[in-house]
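Using the UniProt record's numbering, the letters of the sequence shown map in sequence onto residues 1 to 542.
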Amino acid sequence: MTLWIILGVVAVVVIAAIVAVVVKKKSGTPTEVAAPAVPAAKVESEPTEEPETAATAEKTAADKSAAEAREESPVEEAKESKTAVEPESKTEPESQPVKVAQPTEPEAAAETKGETEAKAESKPEAESAEESEASAAKTAAEETPAEAAEPESAPAPSEPKAETTEPEASKGSESAKQPATGEKPEAETEAPEEKQAEPEAQAAPEPAQASEPEPAAQTPAPEPAKPAAPKPEPAASRFERLKARLAKSANPFGKALFSILTQDNLSEADWEDVEDTLLLADVGAEASEQLVEDLRKDARITGEKNPEAVRAMLREKLLDLVGRDMDRSLVASRPRPADAGPSVIIMVGVNGTGKTTTAGKLARLFVAEDKKVVMGAADTFRAAAADQLETWGSRVGVPVVRSDKDGADPASVAFEAAKVAKEQNADVLIIDTAGRLQNKSNLMDELGKIRRVTEKTLPVEEVLLVLDATTGQNGMTQAKVFAEVIGITGIVLTKLDGSAKGGIVISVQKALGVPVKLVGLGEGPDDLAPFDPEGFVDGILG
Ligand SMILES: Nc1nc2c(ncn2[C@@H]2O[C@H](COP(=O)(O)OP(=O)(O)OP(=O)(O)O)[C@@H](O)[C@H]2O)c(=O)[nH]1
Numbered sequence: 001m002t003l004w005i006i007l008g009v010v011a012v013v014v015i016a017a018i019v020a021v022v023v024k025k026k027s028g029t030p031t032e033v034a035a036p037a038v039p040a041a042k043v044e045s046e047p048t049e050e051p052e053t054a055a056t057a058e059k060t061a062a063d064k065s066a067a068e069a070r071e072e073s074p075v076e077e078a079k080e081s082k083t084a085v086e087p088e089s090k091t092e093p094e095s096q097p098v099k100v101a102q103p104t105e106p107e108a109a110a111e112t113k114g115e116t117e118a119k120a121e122s123k124p125e126a127e128s129a130e131e132s133e134a135s136a137a138k139t140a141a142e143e144t145p146a147e148a149a150e151p152e153s154a155p156a157p158s159e160p161k162a163e164t165t166e167p168e169a170s171k172g173s174e175s176a177k178q179p180a181t182g183e184k185p186e187a188e189t190e191a192p193e194e195k196q197a198e199p200e201a202q203a204a205p206e207p208a209q210a211s212e213p214e215p216a217a218q219t220p221a222p223e224p225a226k227p228a229a230p231k232p233e234p235a236a237s238r239f240e241r242l243k244a245r246l247a248k249s250a251n252p253f254g255k256a257l258f259s260i261l262t263q264d265n266l267s268e269a270d271w272e273d274v275e276d277t278l279l280l281a282d283v284g285a286e287a288s289e290q291l292v293e294d295l296r297k298d299a300r301i302t303g304e305k306n307p308e309a310v311r312a313m314l315r316e317k318l319l320d321l322v323g324r325d326m327d328r329s330l331v332a333s334r335p336r337p338a339d340a341g342p343s344v345i346i347m348v349g350v351n352g353t354g355k356t357t358t359a360g361k362l363a364r365l366f367v368a369e370d371k372k373v374v375m376g377a378a379d380t381f382r383a384a385a386a387d388q389l390e391t392w393g394s395r396v397g398v399p400v401v402r403s404d405k406d407g408a409d410p411a412s413v414a415f416e417a418a419k420v421a422k423e424q425n426a427d428v429l430i431i432d433t434a435g436r437l438q439n440k441s442n443l444m445d446e447l448g449k450i451r452r453v454t455e456k457t458l459p460v461e462e463v464l465l466v467l468d469a470t471t472g473q474n475g476m477t478q479a480k481v482f483a484e485v486i487g488i489t490g491i492v493l494t495k496l497d498g499s500a501k502g503g504i505v506i507s508v509q510k511a512l513g514v515p516v517k518l519v520g521l522g523e524g525p526d527d528l529a530p531f532d533p534e535g536f537v538d539g540i541l542g
């Protein structure tokens, strides 16, 4: 039994050992199978990594290609940067080319969109600084900023440039013509004040508009400024020359009077001839009657047989009528305090009397006196008027404040002109206005507005009524209305060279109570002279 038990145990042990071996062999397979599980995990993580690396690879590739492209071509660079680099590259590329292309303009380009206004503000400062140094010629150059910018921008090939320059150009055109551009802000701020000051909405709003254009510099065509224009003839010698022309022109009434008065035994008919002669010469009915009466009473004339004596006495009578003691000096020519500021002259009159021409001639007259002059083209009704004045200004190196806009508010131009003249410390500001009929009340009101707006900055010391001597007595009605509306301080009698009506000097003075201060005896630049009563009477007596 015992033996069987032992054998049984041994057998069990052997079997167990065999089973153990078998089991061992089988257990080695499952561990290997598990191994793949690890790689499986790796695969899950790899998918994420692989896409990333692929993306970065593409990006780097794109960047590289983009970088290469930049080196190869600036144009492609921009494209690449837009697509690959996105936002940053979009803005930078655009601004850079501009900056690189034109050093001065790049800034302008970057600034234009948002900084145009700020730029405008800074301009004023610069201008004011320049103005302090400045001369008329300098301002002239400043006044044409828009024009100057155009040429530069034109060549600029890049689009950005064109865009940036456009704003400037447009800006320049608006404010343009006046150097006063810088003053724009001020003008705007002042506009409200003006509105308040003037109940009528008119004056206020316009000045503001005017200020925008400031561009006065725009204003200003004065480039030709101080070209080699012939030196203006001194005022002193002008009337001597003009007197000779006056004697040759159709102003024979003095001679006619002389021939009648030197006759023996003047009859009633002779006296009627005297009066008719005076009337034909536009001396006026009242003045003619008075002169004849004086002559008849004067025994020295009626009894005098010596021609020279008659001539001398007639000369005295005519001088009395013309007015030898009237103050005919222009306010601007009188001695004045150094800090008085510019003396403002406004030219008014009906159409075609010679306002613009006289303004130009007058500028020459002042330039001949070494005065610094600024002109304002407030004749915005006739497009060519500003050009005409600008041409006159260029002849003598005088800056002209003007607007490019047809039909612009003349008060705005006057407002700007006053500011420019004051800032430039000019001695004289001459403002040309559009011709108008005295029966157009709205246009006449406009004159009052021009004066009021101008006086926001400078007092108007002189208003010259420009009368065409050939219009004769018709001019009297006009003159009276102008005097009532804007106030007249003096008369300019033009085209006296082509008129037989020199007597208008006497009648217009009598009607308005203001003196003839200047006479025009031709279309030449120096055919304007201060009126000299003695020279005038000598001229018409021959
Ligand atoms: N003979 C002569 N012609 C003159 C004189 N003054 C001006 N003229 C001419 O008169 C014409 C008209 O002159 P403008 O200066 O344009 O007249 P304006 O008053 O400004 O004209 P509007 O602005 O249209 O009212 C021009 O042909 C001038 O040359 C003068 O004293 N003598």
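Heads up, the beta-carbon is just placed ideally off N, CA and C, and yes, glycines get one too.
Measure the beta-carbon distance from residue i to residue j and round it to whole angstroms, keeping in mind my assumption that it falls under 8 Å.
| i | j | result |
| --- | --- | --- |
| S288 | L278 | 4 Å |
| V516 | I491 | 5 Å |
| L528 | K361 | 4 Å |
| Q424 | V463 | Not quite, the Cβ-Cβ distance comes to about 22 Å (not below 8 Å), so this is no contact. |
Whose C-alpha, out of the options, is nearest the C-alpha of residue i?
| i | options | result |
| --- | --- | --- |
| V519 | W4, E240, L3 | E240 |
| F415 | D406, D497, F531, R402 | R402 |
| F366 | P232, G522, I5, S507 | P232 |
| L321 | A281, A469, V505 | V505 |
| V466 | A359, D526, R311 | A359 |
| D526 | R364, V12, L464 | R364 |
| L280 | G254, Q263, V400, A17 | G254 |
| E308 | A11, L261, G472 | L261 |
| A377 | K371, K405, R328 | K405 |
| A483 | G513, V400, F381 | G513 |
| I431 | N439, V398, I6 | V398 |
| V306 | G522, L493, V9, D264 | It should be pointed out that residue 306 corresponds to Asn in this sequence rather than to Val. Of the listed residues, the one whose Cα sits closest to N306 is D264. |
Could you tell me the alpha carbon to alpha carbon distance between residue i and residue j, rounded to whole angstroms?
| i | j | result |
| --- | --- | --- |
| A421 | P342 | 7 Å |
| R315 | D409 | 48 Å |
| P356 | D379 | For the record, residue 356 in the displayed sequence is Thr; it is not Pro. Going from the Cα of T356 to the Cα of D379 covers about 9 Å. |
| D427 | R451 | 18 Å |
| A386 | A417 | 13 Å |
| E455 | S499 | 36 Å |
| M476 | V508 | 6 Å |
| V348 | L437 | 11 Å |
| E293 | D273 | 13 Å |
| L319 | A312 | 11 Å |
| S211 | G435 | Unreliable positioning characterises S211 in this predicted model, as indicated by a pLDDT of 38, which lies under 50. The coordinate reading is nonetheless provided below. So the alpha carbons of these two residues sit roughly 24 Å apart. |
| E131 | A338 | Here E131 scores only 37 on pLDDT, less than 50, and its place in the model is too uncertain to base an answer on. |
| D282 | R382 | 31 Å |
| W4 | A11 | 10 Å |
| G487 | D538 | 31 Å |
| V413 | A384 | 15 Å |
Tell me the DSSP secondary structure of residue i in three-state form.
| i | result |
| --- | --- |
| G376 | strand |
| A529 | strand |
| T262 | coil |
| V420 | helix |
| V233 | The question names Val, but residue 233 is Glu in the sequence shown. Residue state, collapsed to three classes: coil. |
| D432 | strand |
| L437 | coil |
| I345 | strand |
| E462 | strand |
| T494 | strand |
| residue 546 | The requested residue 546 is not part of the displayed model; the chain covers only 1 to 542. |
| residue 544 | Residue 544 is absent from the structure shown; the chain starts at 1 and stops at 542. |
| L467 | strand |
| V350 | coil |
| V400 | strand |
| S329 | coil |
Using a Cβ-Cβ cut-off of 6 Å (strictly less than) and excluding sequence neighbours within five positions of residue i, which residues of its own chain qualify?
| i | result |
| --- | --- |
| V324 | Just to set this straight, residue 324 is Arg in the shown sequence, not Val. Once the five neighbours on either side are set aside, the close Cβ partners of R324 are P533. |
| W392 | G360 |
| G284 | S507 |
| R328 | P515, K517, F531 |
For residue i, collect the residues of the same chain with a Cβ closer than 8 Å to its Cβ; drop the 5 residues on either side in sequence, then sort them by chain order.
| i | result |
| --- | --- |
| A129 | At A129 the pLDDT is 33, less than 50, meaning the model places this residue with poor confidence; the figure from the coordinates comes in the next sentence. Answer for A129: no residue qualifies. |
| L458 | G341, P342, V344, A418, A421, K422, L429 |
| T470 | K495, G498, S499, K501 |
| G354 | V466, D468, V492, T494, K495, G520 |
Taking 7 Å as the limit between beta carbons, can you name the residues of its chain near residue i, skipping five residues before and five after?
| i | result |
| --- | --- |
| A256 | T277 |
| Q388 | T356 |
| V485 | M444, L447, G448 |
| V13 | none |
| W271 | V292, R296 |
Using a C-beta cutoff of 9 Å, does residue i count as contacting chain C?
| i | result |
| --- | --- |
| T356 | The structure shown contains no chain C, having only a single protein chain. |
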